[in-house]
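**Q** Quick one: this structure, given as structure tokens, is what I'll be asking you about.
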Amino acid sequence: MAKALPRNAEIADQLDLLADVSEILGEGSFRVVAYRRAATRIRETPGPVAELALSGRATDLPGVGKTIEQKVVEIVEDGEMHALTKRRQSVPEGVVEFLRLPGIGPKTAARIWTELGVTTLEGLQAAAESGRLRDLSGLGQKSEEKVLKALEAGAGRKAPAENRGLLGMALPAVKAIVEELSAHPAAIAVSEAGSVRRRRETVRDLDFIATSSDAPALIAAFCESEWVAEVVARGDTKAIVVGYQGLRFDLRVVPPECFGNVLQHFTGSKDHNVALREDAQRRGLSISEYGVTTVETDEVVTHEDEEALYRYLGYQPIPPELRENAGELAAARDGRIPALVELSDLRGETHCHSTWSSDGRSSIEEMASTAKGKGYSYLCLTDHSHYLRGGRLEAQWKEIDEVNARLKPFRVVRGIEVNIRADGSLDVDDAVLAELDWVIASIHTAFDRSPTERILGAIENPHVDCIGHLTGRRILKRPGADVDIEKIVERAAETGTALEINSQPDRLDLRDTHARLAGEAGVLVPISTDAHEVPALFHAELGVGLARRAWLSKEQVLNTRSWAQISKFRK
DNA sequence: GCCGTTTTCGGCCCGACTGTTTTCAGTCG
């Protein structure tokens, strides 16, 4: 068997570590920024970057030049990045962990190491407790307290991802707060901001921007809401509170004339803003949250809304979901931002369950009438295959027919979710699959046993219409199968097999970069909920957010079509 | 180390906050 190529995440981690270590060693900061930028780009690339590097095409990625490409090749050919190996020999491992503590950056970490001789988190704790940390100029008692507090909370050892929550958990709260603040008499405009507005799959702090006729009154309403468990900070124009679910909410009230500038700034992403500002700077403009300054004349222009701001800077307005510095600025400059799919474009559900699956909690009729109430015209009922053996499939069809008779012209489609076994076979015979109107094939077990080959096998089956939750990941819990996304997308496109965006809050699978690749290849991507009960049908909104992050338009999303149109698309 | 609708060399986002300081470096988002 050929040597496995390093995953993009591993390459990116090594570059980030190289950046950390280099920074502690006091090396040129622009090189450090370059390492980090390349790491982010590589982490967000859907296909294997190692393969690109080997064929000399990694330099096509923005932020990756000849030198970094060579470093990737080193990982493949020598099993290590030499620059990293060399620097790690001079910097103790524990010193890198100092960087994760609040208030400690590379300069401070280096001084704790070289001036105090402390090289471990335990040593750092001891130094802080015995008051030796304040021996360093610039550090005092408060610094010691902050370090101790963070260490006691387990910081340093914890991966940053563990502090994040699912978008699906935060979004309902965010929408409720926007609604509540908007209804306040002192509110003029209220918007969500930050990563939740970009619909990132996980979020940490939740940001709101508002304009108001009476800022302190709006701040007061925010801080005194009944869902607030703790007020962390409260001023006249800014407040931070923590809700009972443990989420942190941050409200800023700003003057109406610069609402667009502030909202743009706090929506991010950081990388998008940096790239936007660099681009502007080359044209003699300086951008901040307060406005756009023409450097030569010192003239400042502010904007009440974001669209006007982007137009002033020479771009098409860029939807928040695209602001990740992944090509959106060049596209917006050339007028190539697509019209992204919207929730209201969906016309049906393509993956859901009922009480016919033992983990389902709602009846067929409950699911169907809810879908109908949402304005859908069809719902593919795709109960798990193993609950439909021994005549149960026919019995289920009888119930479907009865429901259809009652809900006409709404249609419940006879579908199934078949399991792709560990050996790659499907757990339902082809003869049975041939009788169904919609077949989803999914991996549910043995994610590490040749997942790519098993999925490709399912794609080749003439009865399989769609692959369910491609990688099987559970966000913040398990990483999902390491699939060869390019190969899968290619065969899916050639065979006319759909690849779903599964909207379950902890799945969101295809993930954004994979869905973007699928869309570019011409694969039709349904946005499904995989709902096992009525309320989960409303998770479609999360899938739509993901599809928008993947640059997908209405035309690229399968279930923006009628069932008659989809029937024609089937193999 | 990367990059170019002024550049293949000489640039590289912007401002707030913190803790420690009498003017600022480091950190953070």
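Numbering (our numbering), first residue to last: 172 to 742.
Using N, Cα and C, we set each Cβ at its ideal position, and we do this for glycine too.
1) According to the Cβ coordinates, are threonine 526 and serine 534 closer than 9 Å?
2) Is DSSP giving glutamate 704 helix, strand or coil here?
3) For isoleucine 737, count neighbouring C-beta atoms within 10 Å of its own C-beta (all shown protein chains included) and say buried if the count is 16 or more, exposed if not.
4) Quick check on isoleucine 380: does DSSP put it in helix, strand or coil?
5) Nearest-angstrom Cα distance between threonine 291 and glutamate 268?
6) Note the first and the last residue of the continuous beta strand (DSSP E) segment covering valine 471.
7) Helix or strand or just coil, what does DSSP make of alanine 404?
8) With distances taken between CB atoms, is the gap from arginine 207 to aspartate 187 smaller than 9 Å?
9) Counting Cβ pairs closer than 8 Å, one from the region 339-358 and one from the region 412-430, do we hit at least three?
10) Taking the Cβ atom as the reference point for each residue, do glutamate 657 and proline 219 lie within a distance shorter than 9 Å?
11) Per DSSP, what kind of secondary structure is glycine 336 in: helix, strand or coil?
12) With DSSP collapsed to three states, give me the class of leucine 552.
13) I want to know whether the region 505-522 touches the region 462-469 - three or more CB-CB distances under 8 Å.
14) Counting only the same chain and skipping the five closest in sequence on each side, list residues whose C-beta sits under 7 Å from that of glycine 311.
15) Between Ser556, Asp572 and Gly519, which lies nearest to tyrosine 547 when the distance is taken from Cα to Cα?
16) So arginine 423 is in the alpha helix (DSSP H); what residue range does that whole segment cover?
17) Are the CB atoms of isoleucine 359 and phenylalanine 379 nearer to each other than 9 Å?
18) Smallest Cα separation from tryptophan 734: which of Asp608, Ala400, Glu397 and Ala510?
19) Please identify the residue among Leu319, Arg282 and Glu222 whose C-alpha is closest to the C-alpha of glycine 309.
20) Our contact map puts leucine 484 next to valine 463 with C-beta atoms below 8 Å; I'd like the distance itself, whole angstroms only.
21) Which value, in whole angstroms, describes the spacing of the CA atoms of glycine 716 and valine 289?
22) Beta-carbon separation of isoleucine 638 and leucine 670 under 9 Å?
23) Taking the C-alpha atoms as reference points, what is the distance between methionine 172 and arginine 259?
24) With distances taken Cα to Cα, identify the nearest neighbour of cysteine 394 among Ile411, Thr382, Ser384 and Ala381.
25) Please check the pair leucine 688 and threonine 700, which I expect to be a contact at CB under 8 Å, by giving their CB distance rounded to whole angstroms.
26) So the candidates are Leu641, Ile458 and Val318; which of them puts its Cα closest to the Cα of serine 746?
27) Quick check on the burial criterion: 16 or more other C-beta atoms within 10 angstroms. Buried or exposed for serine 556?
28) Three or more C-beta pairs under 8 Å: does that hold for the region 588-602 against the region 627-634?
29) Nearest-angstrom Cα distance between histidine 355 and glycine 406?
30) Which residues does DSSP list as the beta-bridge partners of glutamate 583?
31) What are the boundary residues of the beta strand (DSSP E) that valine 610 is part of?
32) For glycine 690, is the classification buried or exposed, using 16 other Cβ atoms within 10 angstroms of its Cβ as the cut-off for buried?
33) DSSP has alanine 410 in a bridge; who is on the other side?
34) Out of curiosity, what's the CA-to-CA distance linking alanine 178 and aspartate 653?
35) Would you identify the three-state DSSP class for serine 353, choosing helix, strand or coil?
36) Helix, strand or coil for glycine 462 per DSSP?
**A** Answer, in terms of the structure:
1) yes
2) coil
3) buried
4) strand
5) 8 Å
6) 470-472
7) strand
8) yes
9) yes
10) yes
11) strand
12) strand
13) no
14) Arg305
15) Gly519
16) Where arginine 423 is concerned, there is no enclosing alpha helix (DSSP H), although the beta strand (DSSP E) it sits in stretches over 419-424.
17) no
18) Asp608
19) Arg282
20) 7 Å
21) 46 Å
22) yes
23) For methionine 172, the pLDDT reaches just 39, beneath the cut-off of 50, and the residue's location in the model is therefore unreliable, although a value from the coordinates is still provided. Between methionine 172 and arginine 259, the C-alpha separation is close to 31 Å.
24) Ile411
25) The Cβ separation is near 22 Å, so there is no contact.
26) Residue 746 lies beyond the stretch modelled for the chain, which goes from 172 to 742, so this question has no answer here.
27) buried
28) yes
29) 18 Å
30) For the record, residue 583 in the displayed sequence is valine; it is not glutamate. Valine 583 pairs with Leu550.
31) 609-613
32) buried
33) Arg405 and Leu422
34) With the sequence shown as reference, residue 178 is identified as arginine, and alanine is not the correct amino acid for it. C-alpha separation (whole angstroms): 8 Å.
35) helix
36) strand
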